Amino acid sequence: MIAEVPLGAFLSGGVDSSAVVALMAGLSSAPVNTCSIAFDDPAFNEAAFAQKVADRYRTNHHCDLVASDDFDLIDTLARLYDEPYADSSAIPTYRVCQLARQHVTVALSGDGGDETFGGYRRYRLHLMEERLRTALPYGVRRPLFGLLGRAYPKADWAPRMFRAKTTFEGMARTTVGGYFHAMSILRDPMRRELFTDRFRREAGGYSAQEVFRRHAERADTEDPLALIQYLDLKTYLVGDINTKVDRASMAHSLEVREPLMDHELVEWMATLPSSLKVRGQEGKFLLKEAMKHRLPQDILFRPKMGFAVPLARWFRGPLRERVQQAVLGPRLAATGWFNPVYLRHLIDAHQSGARDYSAPLWTILMFEAFLRNVMDAPAEHPALVSVVDASR
433 MIAEVPLGAF
443 LSGGVDSSAV
453 VALMAGLSSA
463 PVNTCSIAFD
473 DPAFNEAAFA
483 QKVADRYRTN
493 HHCDLVASDD
503 FDLIDTLARL
513 YDEPYADSSA
523 IPTYRVCQLA
533 RQHVTVALSG
543 DGGDETFGGY
553 RRYRLHLMEE
563 RLRTALPYGV
573 RRPLFGLLGR
583 AYPKADWAPR
593 MFRAKTTFEG
603 MARTTVGGYF
613 HAMSILRDPM
623 RRELFTDRFR
633 REAGGYSAQE
643 VFRRHAERAD
653 TEDPLALIQY
663 LDLKTYLVGD
673 INTKVDRASM
683 AHSLEVREPL
693 MDHELVEWMA
703 TLPSSLKVRG
713 QEGKFLLKEA
723 MKHRLPQDIL
733 FRPKMGFAVP
743 LARWFRGPLR
753 ERVQQAVLGP
763 RLAATGWFNP
773 VYLRHLIDAH
783 QSGARDYSAP
793 LWTILMFEAF
803 LRNVMDAPAE
813 HPALVSVVDA
823 SR
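Each residue of the sequence shown is one higher than the one before, starting from 433 at the first, in my numbering.
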């Protein structure tokens, strides 16, 4: 909090950012400047929770709205990230940095809390699956759950605990393979349908899962929670979260500080038993215990929402035609990398409401925006680099 310039914080209304603001307020003699983002979809909107924390600590609170019109930022994001960065939360992150810079020069964030304290819901699900993996040998699990995974219908609309197909497919894999499967936007069957033989030849056998395997070999732990936290620290946190915040903040000349990523805190938490991180069905056990006298119960124990964007509704409504034009347009077709029949299937299944393909569609849309804005490739003959070279 030492700064010679105006200082504030991001406040989403979740546990991590609320904890940071609560501690800042206790250390500051002046009201803390806080900034948050609201969405035009109630299912994604945490603004009321952010306001509750802001009122409790009497912050100077500022809030801005993200709506489907902000999809226009996709071209800005492609240029800013200089790669097809496929996390849609880059939109609200860009906008909250833009808002914050109107009031402060330095902002504190709650990023890293999930990885450090064990907050992701996928951690609890992974631990449940891991208990089953321990009980059944791989030679039994692979054919049994592989068959169940292929036979069971996919239910995108259901919470993951009821999406038995995802669980069955994960159970047919190793610990690392199962976690990679859970983290993947494009899973094996979808990749086989989406990409052409030309793409596979250029990829030269490259598999992102190998990155996970290499990190897992260096993890030096038999604790299943510690292992996947380590994987997230080495992959998701640095490659997604930190990249997202760094590029978005620097675009607005805003310095973002991450107290929950302080290396001494992260290293200390890594020495603690997993029971102090995940207890039963509750994540971030230790952090919530530490903050129970500073934050309301409905902030500490409500379901995690993350910084998700209502893409599914946008792609079926106001952005329907734009999605079709970009995904089925000549620029992607000219790469020779994508199966046009499957692209059509993704759009039709999503826009009819039969499936939720918003995440893979966003990934494809970002690649199309990257071609237009960064590669500056004409639709007829895009100047593409090797898939493997681009991944290095």
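No residue lacks a Cβ here, since even glycine has one placed at the ideal position from N, Cα and C. Values in this document were obtained by computation on a predicted structure and should not be read as measured data.
Integer-rounded CB distance, given that residue j should sit under 8 Å from residue i
i: Leu-497; j: Ala-470; result: 5 Å
i: Ser-460; j: Gly-445; result: At roughly 20 Å, the Cβ-Cβ gap does not stay under 8 Å, so Ser-460 and Gly-445 are not in contact.
i: Leu-778; j: Tyr-789; result: 5 Å
i: Ile-644; j: Thr-675; result: Per the sequence shown, the amino acid found at residue 644 is Phe instead of Ile. About 18 Å; that fails the 8 Å criterion.
i: Thr-537; j: Pro-438; result: 5 Å
i: Gln-661; j: Gly-550; result: 7 Å
i: Arg-745; j: Asp-473; result: 6 Å
Classification of residue i by the beta-carbon crowding that lies within 10 angstroms, buried from 16 upward
i: Gly-749; result: exposed
i: Ala-776; result: One point to set straight first is that residue 776 is Arg, not Ala, in the sequence displayed. Looking at its Cβ environment, which holds fewer than 16 other Cβ atoms inside 10 Å, Arg-776 is exposed.
i: Leu-531; result: buried
i: Tyr-570; result: exposed
i: Pro-656; result: buried
i: His-695; result: exposed
i: Asp-652; result: exposed
i: Ile-673; result: buried
i: Asp-502; result: buried
i: Glu-478; result: buried
i: Glu-634; result: buried
i: Leu-455; result: buried
i: Ala-758; result: buried
i: Arg-650; result: exposed
i: Val-773; result: exposed
i: Gly-785; result: exposed
i: Val-572; result: exposed
i: Asp-808; result: exposed
Best match in the options for proximity to residue i [C-alpha to C-alpha]
i: Leu-540; options: Glu-547, His-725, Val-528; result: Val-528
i: Ile-523; options: Ile-506, Ile-617, Arg-645; result: Ile-506
i: Arg-734; options: Val-447, Gln-483, Gly-610; result: Val-447
i: Pro-575; options: Lys-597, Tyr-552, Met-603; result: Met-603
i: Thr-795; options: Val-538, Cys-495, Asp-519, Ala-457; result: Asp-519
i: Leu-659; options: Ser-706, Arg-679, Arg-573; result: Ser-706
i: Phe-770; options: Phe-717, Val-698, Phe-799; result: Phe-799
i: Arg-556; options: Ala-614, Glu-642, Ala-635; result: Ala-614
i: Gly-458; options: Asp-472, Arg-490, Arg-787, Thr-598; result: Arg-490
i: Ser-521; options: Met-807, Ala-791, Arg-804; result: Ala-791
i: Val-453; options: Ala-744, Glu-634, Gln-483, Ala-435; result: Gln-483
i: Gly-738; options: Thr-566, Gly-578, Arg-553; result: Arg-553
i: Leu-686; options: Arg-787, Arg-533, Arg-563, Leu-564; result: Arg-533
i: Val-806; options: Asp-678, Gly-610, Thr-508, Asp-502; result: Thr-508
i: Ser-616; options: Arg-650, Glu-634, Ala-640; result: Ala-640
i: Leu-743; options: Ala-567, Tyr-774, His-782; result: His-782
i: Tyr-638; options: Arg-650, Arg-623, Ala-648; result: Arg-623
i: Arg-563; options: Thr-599, Gly-578, Leu-579; result: Thr-599
i: Tyr-699; options: Leu-665, Val-464, Gly-761, Val-688; result: It should be pointed out that residue 699 corresponds to Glu in this sequence rather than to Tyr. Comparing Cα positions, the closest option is Leu-665.
i: Gly-609; options: Phe-577, Lys-736, Glu-625, Glu-642; result: Glu-642
i: Asp-780; options: Glu-690, Val-464, Gly-768, Phe-747; result: Phe-747
i: Glu-714; options: Lys-736, Thr-703, Ala-648; result: Lys-736
Beta carbon of residue i nearer than 8 Å to that of residue j
i: Val-741; j: Leu-793; result: no
i: Leu-727; j: Ala-486; result: no
i: Glu-601; j: Gly-581; result: yes
i: Asp-543; j: Leu-692; result: yes
i: Thr-548; j: Met-701; result: yes
i: Phe-802; j: Pro-621; result: no
i: Leu-719; j: Gly-545; result: yes
i: His-558; j: His-494; result: no
i: Phe-717; j: Lys-724; result: no
i: Ser-500; j: Leu-751; result: yes
i: Arg-565; j: Thr-607; result: yes
i: Phe-476; j: Ile-731; result: no
i: Arg-804; j: Arg-763; result: yes
i: Ala-596; j: Tyr-611; result: no
i: Thr-466; j: Ala-435; result: no
- prompt: Quick one: any contact between the segment 502-514 and the segment 623-633, if contact means 3 or more CB pairs under 8 Å?
  reply: no
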